[in-house]
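Visitor: Residue numbers (our numbering): 641 to 894. This structure is in structure tokens; I'll ask about it shortly.
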């Protein structure tokens with residue numbers, strides 16, 4: 641497990657100030673945190689010990705001691721997590737444009753899969769989209785627009801609410817897991833929980849272990865990680881996917 645990458649992803653992609661505070665503290669303290677207990681870390685981050693435990697759960701860890709175990713055995717330095725800048729602004733723009741172009745073409749190549757996704761959404765009793773952070777924000781507009789077609793569609797990122805929805809699932813419901821990195825431990829856990837209670841689809845910006853536990857996977861390849869550790873282009877690709885699906889609904893109803 642690349643625990644540093646997972647912690648870094650929290651800093652970059654979450655809007656939760658508590659989790660950002662804990663993540664930054666871990667990244668900045670490096671190996672010093674191995675000699676600290678959970679109460680000390682919580683105090684330094686101005687959060688509760690329960691918040692630290694929840695942070696560990698997001699990383700798919702049982703608790704603070706397991707977090708320290710992974711940090712101790714991490715090969716690369718904790719604090720060195722920023723990507724080196726490109727040589728010039730022009731280099732950045734050229735690389736950005738090329739990656740964006742390739743990403744868009746990869747979406748076009750998925751048109752048949754996306755049309756099937758549209759049909760599956762149309763056939764389902766309820767549609768649940770489970771995702772976090774940037775993927776959640778990139779999906780909001782799609783959900784709002786789909787409700788104009790009287791779709792029973794729900795977008796959720798809160799773990800407690802996701803678990804509540806999972807308990808209500810029926811065979812003619814559809815669950816869509818969305819992850820831009822492909823490495824979301826929480827969504828992986830929920831994909832295992834569902835266990836054929838409903839139809840499941842994965843939409844991911846990278847290869848993902850979640851695909852082993854869903855009925856269908858839609859993987860849109862994206863080279864943004866070669867440029868930086870931000871999910872800007874991947875979130876745009878996700879919006880393109882949602883736009884494609886929405887347009888097919890719209891064209892049937894105009």
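Every residue, glycine too, gets a C-beta built ideally from N, C-alpha and C.
State the CB to CB distance for the pair residue 816 and residue 747, rounded to an integer number of angstroms; the pair is presumed to be in contact (CB under 8 Å).
Guide: If you number the chain shown from 1, residue 816 lands on position 176. If you number the chain shown from 1, residue 747 lands on position 107. Incorrect: roughly 16 Å between the Cβ atoms, too far for contact.
Visitor: Pull up the distance between the alpha-carbon of residue 858 and that of residue 675, whole angstroms please.
Guide: Taking the chain shown and counting its residues from 1, one reaches residue 858 at position 218. Taking the chain shown and counting its residues from 1, one reaches residue 675 at position 35. C-alpha separation (whole angstroms): 43 Å.
Visitor: With a threshold of 6 Å on Cβ separation, who are the neighbours of residue 797 within its own chain once the five nearest residues in sequence on each side are excluded?
Guide: Along the chain shown, read from residue 1 onward, the residue named residue 797 stands at position 157. Answer for residue 797: 772, 776, listed in chain order.
Visitor: Enumerate in chain order the residues of its own chain whose CB-to-CB distance from residue 702 is below 8 Å, with the five nearest sequence positions on each side excluded.
Guide: As a first step, residue 702 must be located in the chain shown, where it is residue number 62. The answer, listed in chain order, is 696.
Visitor: Thinking C-alpha only, which one of 684, 681, 887 is nearest residue 789?
Guide: Indexing the chain shown from 1 puts residue 789 at position 149. Across the set 684, 681, 887, the C-alpha of 887 shows the shortest separation from the C-alpha of residue 789.
Visitor: Around the C-beta of residue 755, are 16 or more other C-beta atoms found within 10 angstroms, so that it is buried, or is it exposed?
Guide: Indexing the chain shown from 1 puts residue 755 at position 115. Under this definition residue 755 is an exposed residue.
Visitor: Can you look up residue 591 in the DSSP assignment and give me helix, strand or coil?
Guide: Nothing in the structure corresponds to residue 591, since the chain is present only between 641 and 894.
Visitor: Between residue 795 and residue 689, what straight-line distance do the alpha-carbon atoms span, to the nearest angstrom?
Guide: The residue labelled residue 795 in the question sits at position 155 within the chain shown. The residue labelled residue 689 in the question sits at position 49 within the chain shown. Cα-Cα distance, rounded: 29 Å.
Visitor: Counting beta carbon pairs with one atom in the stretch 840 to 851 and one in the stretch 813 to 830, are three or more of them shorter than 8 Å?
Guide: Segment contact: the stretch 813 to 830 against the stretch 840 to 851, three or more CB-CB distances shorter than 8 Å; contact assigned.
Visitor: Count the other CB atoms within 10 Å of the CB of residue 737; is the residue buried (16 or more) or exposed (fewer)?
Guide: The count along the chain shown starts at 1 and reaches residue 737 at position 97. By the neighbour-count rule (16 or more Cβ atoms within 10 Å), residue 737 is not buried but exposed.
Visitor: Run through the DSSP bridge pairs and tell me what residue 859 is partnered with.
Guide: Along the chain shown, read from residue 1 onward, the residue named residue 859 stands at position 219. 844, per the DSSP bridge assignment.
Visitor: Under a three-way DSSP split, which group does residue 808 fall into?
Guide: Position 168 of the chain shown, counted from the first residue, corresponds to residue 808. In the structure shown, residue 808 sits in a helix (DSSP, three-state: H, G or I).
Visitor: Can you check DSSP and say which residues form a bridge with residue 814?
Guide: Position 174 of the chain shown, counted from the first residue, corresponds to residue 814. The partner list for residue 814 (beta bridge, DSSP) reads 767, 839.
Visitor: Does the beta-carbon distance from residue 673 to residue 704 come in below 7 Å?
Guide: Residue 673 sits at position 33 when you count from the first residue of the chain shown. Residue 704 sits at position 64 when you count from the first residue of the chain shown. Cβ atoms of residue 673 and residue 704: not closer than 7 Å.
Visitor: Do residue 650 and residue 659 have their C-beta atoms within less than 7 Å of each other?
Guide: Residue numbering aside, residue 650 sits at position 10 when the chain shown is read from its first letter. Residue numbering aside, residue 659 sits at position 19 when the chain shown is read from its first letter. Cβ atoms of residue 650 and residue 659: closer than 7 Å.
Visitor: Give the single residue among 879, 744, 707 whose Cα lies nearest to the Cα of residue 642.
Guide: The sequence position of residue 642 within the chain shown is 2, counting from 1. Checking every option, the nearest Cα to that of residue 642 belongs to 707.
Visitor: Let me make sure I understand the geometry here. Which of 872, 810, 799 has the alpha-carbon closest to that of residue 828?
Guide: In the chain shown, residue 828 corresponds to position 188, counting from 1. When only C-alpha atoms are compared, the closest one is 799.
Visitor: For residue 879, which residues of its own chain have a beta-carbon under 7 Å away from its beta-carbon, when the five flanking residues on both sides are left out?
Guide: Within the chain shown, residue 879 is the residue found at index 239, counting from 1. The residues are 778.
Visitor: Rounded to the nearest angstrom, what separates residue 652 and residue 764 at their Cα positions?
Guide: Counted from its first residue, the chain shown places residue 652 at position 12. Counted from its first residue, the chain shown places residue 764 at position 124. Using only the alpha carbons, I get a separation of about 34 Å.
Visitor: Write down every uninterrupted run of the beta strand (DSSP E) in the stretch 752 to 798 whose length is 3 residues or greater and which is fully enclosed by it, in chain order.
Guide: Runs found: 767 to 770, 793 to 796.
Visitor: Residue 867: which of 656, 699, 681, 740 sits nearest, CA to CA?
Guide: Along the chain shown, read from residue 1 onward, the residue named residue 867 stands at position 227. Taking residue 867 as reference, the option from 656, 699, 681, 740 with the minimal CA-CA separation is 740.
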